[in-house]
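Student:
Number of protein chains: 2
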Amino acid sequence: MNEPSRWLTPAEQNAWRSFIRAQERLGGRVSRHLQSDSHLSVADYAVLVHLADAPGGRMRSADLAASVGWEKSRMSHQVSRMVKRRLVVREWCPEDGRGAFGVITPEGRAMIEAAAPSHVETVRRLFIDSLTPEELEVLTRVANRVLEHLEQRPMQGGSSGSSSPRPPR
Amino acid sequence: MNEPSRWLTPAEQNAWRSFIRAQERLGGRVSRHLQSDSHLSVADYAVLVHLADAPGGRMRSADLAASVGWEKSRMSHQVSRMVKRRLVVREWCPEDGRGAFGVITPEGRAMIEAAAPSHVETVRRLFIDSLTPEELEVLTRVANRVLEHLEQRPMQGGSSGSSSPRPPR
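As given, the protein sequences belong to chains A and B, one line each in that order.
Anchor point for the first sequence: position 120 equals 120 in the UniProt record's numbering, and the numbering is continuous, going up by one each time.
Anchor point for the second sequence: position 8 equals 8 in the UniProt record's numbering, and the numbering is continuous, going up by one each time.
(1) With 9 Å as the threshold, decide whether the Cβ of residue 44 of chain B is near any Cβ in chain A.
(2) Quick one: any contact between the region 130–138 of chain A and the region 51–71 of chain A, if contact means 3 or more CB pairs under 8 Å?
(3) From which residue to which residue does the beta strand (DSSP E) around residue 59 of chain A run?
(4) Can you say whether residue 50 of chain A is buried or exposed, counting buried as having 16 or more other CB atoms within 10 angstroms of its CB?
(5) Taking the C-alpha atoms as reference points, what is the distance between residue 127 of chain B and residue 26 of chain B?
(6) Would you list the one or two residues that DSSP bridges to residue 102 of chain B?
(7) Does any CB atom of chain C fall closer than 9 Å to the CB of residue 107 of chain B?
(8) CB-CB under 7 Å to residue 114 of chain A, same chain, minus the five flanking residues each way: which ones, in chain order?
(9) When the Cα atoms are used, what is the spatial distance from residue 65 of chain A to residue 45 of chain A?
(10) Taking residue 8 of chain A and residue 22 of chain B to be in contact with their CB atoms under 8 Å, please state how far apart those CB atoms are, rounded to whole angstroms.
(11) Looking at chain A, which residues of the region 56–78 of chain B have a Cβ within less than 8 Å of any of its Cβ atoms?
(12) Could you check the C-alpha separation between residue 82 of chain B and residue 108 of chain B for me, to the nearest Å?
(13) Excluding the 5 residues preceding and the 5 following residue 78 of chain A in the sequence, name in chain order all residues of the same chain whose CB lies nearer than 7 Å to its CB.
(14) Consult DSSP for residue 162 of chain B and reduce its assignment to one of helix, strand or coil.
(15) So, does the CB of residue 88 of chain A fall closer than 9 Å to a CB anywhere in chain B?
(16) By the three-class DSSP mapping on this structure, what secondary structure does residue 16 of chain A have?
(17) Please name the residue, chosen from A/17, A/29, A/12 and A/80, that lies closest to residue 124 of chain A on a Cα-to-Cα basis.
(18) Please classify residue 155 of chain A as buried or exposed, where buried requires at least 16 other C-beta atoms within 10 Å of its C-beta.
(19) Can you give me, in chain order, the residues of the region 108–133 of chain B that have a beta carbon less than 8 Å from any beta carbon in chain A?
(20) Name the two residues that bound the continuous alpha helix (DSSP H) containing residue 75 of chain B.
(21) In chain order, what residues of the same chain lie with their CB nearer than 6 Å to the CB of residue 118 of chain B, ignoring the 5 residues before and after it?
(22) Would residue 169 of chain B pass as an interface residue toward chain A - the criterion being a Cβ-Cβ separation below 9 Å?
(23) Which residues in chain B have a C-beta closer than 9 Å to the C-beta of residue 82 of chain A? List them in chain order.
(24) Counting only beta-carbon separations shorter than 9 Å, does residue 91 of chain B have a partner in chain A?
(25) Who are the neighbours of residue 103 of chain B on chain A, taking C-beta pairs under 8 Å?
(26) Please report whether the beta-carbon of residue 142 of chain A lies at a distance below 9 Å from any beta-carbon of chain B.
(27) Against chain A, which members of the region 23–34 of chain B pass a CB distance test of less than 8 Å?
(28) Out of A/32, A/139 and A/73, which has the shortest C-alpha to C-alpha gap to residue 12 of chain B?
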């Protein structure tokens with residue numbers, strides 16, 4: 001990691017900034033709509049959707065974290081907050097020692113069923129409708145490529161950058 | 001807005017989930033590297049880069065917000081926090097009445113110059129290197145399309161979704 005920094009070309013920089021900015025603005029808008037329409041965060045919604053779709057409305061915490069795409073500790077904090085709001089309960093399965101289940105409550109199910117139509121409409125109006133089916137397909141492929149690439153490079157401490165200070169672009 | 005909800009197709013849903021998840025995971029990783037290597041948030045970095053690149057290291061707050069792609073109020077809070085850390089100062093220009101300038105300090109410039117090489121290396125390693133130049137180009141185009149689409153649809157209150165409750169997907 002001690003080779004000189006490879007600065008980004010203008011095209012690379014545009015790709016990075018556009019990608020981050022599009023997701024940030026889109027995520028912000030979708031999140032504000034969801035909160036004002038349904039009093040749910042995007043994180044609440046993701047958890048409720050996955051549980052509502054699971055057999056019996058229940059999933060092992062580790063499986064739920066993997067499905068939503070979060071680290072286990074983040075999911076644990078999120079589920080704790082949702083337990084306080086009675087959207088989810090935790091159930092322990094002492095005999096197998098493989099951790100708790102999250103189970104959607106009737107209140108949780110009512111929330112997600114009420115929230116889904118307008119959330120889907122928001123996602124369609126702000127995101128899906130802006131792109132052709134071909135563009136959606138390319139975007140899915142590219143996003144999945146990024147995800148696979150990240151999985152092959154687990155985080156190990158900080159990155160040790162090179163030391164040549166140059167004006168950043 | 002009272003037509004029945006148009007539920008997402010599996011392809012549309014994959015595009016949405018992959019896009020959100022890729023940005024979320026990538027953003028999280030890049031942010032942790034930047035924090036641990038350079039003690040800067042992604043927001044700090046964005047502000048410092050834009051100011052460092054501007055003539056005299058100064059930009060009007062509204063122009064800085066537009067360049068970074070944030071709302072003015074968010075930029076104002078961010079700049080206030082950075083003023084406390086002496087990375088930026090505010091300068092008022094009383095005669096023109098068009099608001100304050102943000103100006104990068106020597107400390108801010110030293111921070112960004114020290115942070116840039118390893119941040120660029122992280123972005124390249126985790127993002128740019130996962131994609132071909134053609135894919136980067138498509139991604140830029142698609143992300144810009146999403147941004148234009150959002151700008152044409154300013155937020156007005158909540159979205160009024162339809163009311164047919166169906167199991168969410």
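Backbone N, C-alpha and C define an ideal beta-carbon position, used for all residues, glycine too.
Tutor: Judging by the given coordinates:
(1) no
(2) no
(3) 58–60
(4) buried
(5) 8 Å
(6) B/59 and B/90
(7) Given the protein chain composition of this structure (A and B), no chain C is represented.
(8) 38
(9) 14 Å
(10) Wrong, their Cβ atoms sit about 18 Å apart, outside the cutoff.
(11) 69
(12) 9 Å
(13) If you ignore the 5 residues before and after residue 78 of chain A, its C-beta comes within less than 7 Å of the C-beta of 43 and 47, all in its own chain and listed in chain order.
(14) Caution applies to residue 162 of chain B, whose pLDDT of 39 falls short of 50 and renders its modelled position unreliable; the value that the coordinates give is listed next. Three-state result, residue 162 of chain B: coil.
(15) no
(16) helix
(17) A/29
(18) exposed
(19) 112, 113, 114, 115, 116, 117, 118, 119, 120, 121, 122, 123, 124, 125, 126, 127, 128, 129, 130, 131 and 133
(20) 72–84
(21) 37
(22) Any answer about residue 169 of chain B is weak, because its pLDDT of 46 lies below 50 and its placement is not dependable; what the coordinates show is given next. For residue 169 of chain B, the answer is yes, since a Cβ of chain A falls inside 9 Å of its Cβ.
(23) Within 9 Å Cβ-Cβ: nothing; residue 82 of chain A doesn't reach chain B, min ~16 Å.
(24) no
(25) Simply none; closest approach about 16 Å.
(26) In terms of beta-carbon proximity, residue 142 of chain A lines the interface with chain B, with at least one pair separated by less than 9 Å.
(27) 23, 24, 25, 26, 27, 29, 32 and 33
(28) A/139
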